[in-house]
Structures are given as structure tokens and as C-alpha cells.
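**Q**
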Amino acid sequence: MTEVKLHGVLLSPYVYRVIWALKLKGVPYEFVAEDLSNKSDLLLKYNPVYKKIPVLVHGEKPVSESMVILEYIEEMWPQNPSLMPNDPYDRALARFWIKFIEDKVRTTTLAIPFINIFFSNLFIYLRFRLDHENKELHPLNPQLLSLLLELGS
1078 MTEVKLHGVL LSPYVYRVIW ALKLKGVPYE FVAEDLSNKS DLLLKYNPVY KKIPVLVHGE
1138 KPVSESMVIL EYIEEMWPQN PSLMPNDPYD RALARFWIKF IEDKVRTTTL AIPFINIFFS
1198 NLFIYLRFRL DHENKELHPL NPQLLSLLLE LGS
């Protein structure tokens, strides 16, 4: 399997979004902690335009911007669980709430873990609530609850 690395900081809601997606997909990765006050040469190399995190590097090919990374993850590893609902209307609804929450997180000055975990990852909750076709991934499924608790810790 090609090596996957994620460059970021653990307090970023955008990094958490990618971490959760990788874990839900079962994709092994290496986390590369970045110091945003002293950006590494690798971060500047992999994201020369915005010089921001997160950056996913898959086989030396960098992908930037969390929503673009999520789309890449979904297309690269299409196995279940899917990150978005199957129904087009439900996907549109999930995208609406993702955008709404992104705008709220950007405008807030509170960078507390609760906001990072809850708001930036609402899409995962919506995905499970809206995907009526896959009963195994119902939010009350003990395996899913266990995974969500593990991811939140």
C-alpha cells in the first residue's frame, strides 16, 4: 500500500475532519505534526499556494484543503463506509450543513476542542443519520458508538 501522511495540528477542526475520514475508511496513515509559527519545508513544499494545513500526502502526491482531501479519500478508497449519503438530496443537505458549520467555525474566536470535534465533524453524524439504506451503520449501533468514542478521544 502506498504511504499516506497527514500534515497538521491536532487542534484544527479541518485536520480532525480528515483524521476521522481516514479512520472511518480504515486507511493507515502517519501524522506529521506541524508548527504553524515555524512552518516546515515539507509543508511549504506540499502546499506552496496557501501554506496551510491540512495536507494529505499519498505516494508523494499532496492534496490540500480539507473538503478536497475528503473528496480524494472517498474516491481513492471507495470501500464502505461512504463519507456521504447515497441519495443526492441527502448529500446536498449534508453539504449545506457542512458549509454552514464551516462558516460558523471560521467566524468564531473560540478554538476549543468541543467546537473542533463537534462542529467540524457533523458531516459524519449526518452521513449515518441520512443513509437509510445501510442499517449496519445506524448511529445507535454499538460498533459505531465505540468508533466515535475512540475518534473523539
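Each residue of the sequence shown is one higher than the one before, starting from 1078 at the first, in my numbering.
The beta-carbon is built from N, C-alpha and C at its ideal position, and this holds for glycine as well.
Bear in mind that the values here come from a model prediction, so they are computed numbers and not experimental data.
1. Reducing DSSP to helix, strand and coil, say where S1114 ends up.
2. Hey, would you say E1111 sits closer than 8 angstroms to I1096, going by beta carbons?
3. Going by DSSP in three states, L1087 sits in which element: helix, strand or coil?
4. Does the count of Cβ pairs from the region 1137-1148 and the region 1089-1104 closer than 8 angstroms reach three?
5. For the structure I just gave you, are there three or more beta carbon pairs, one from the region 1115-1123 and one from the region 1147-1158, closer than 8 angstroms?
6. Could you check which residue in A1169, L1147, L1170 has the C-alpha nearest to that of S1159?
**A** Quick look at the numbers:
1. coil
2. no
3. coil
4. yes
5. no
6. L1147
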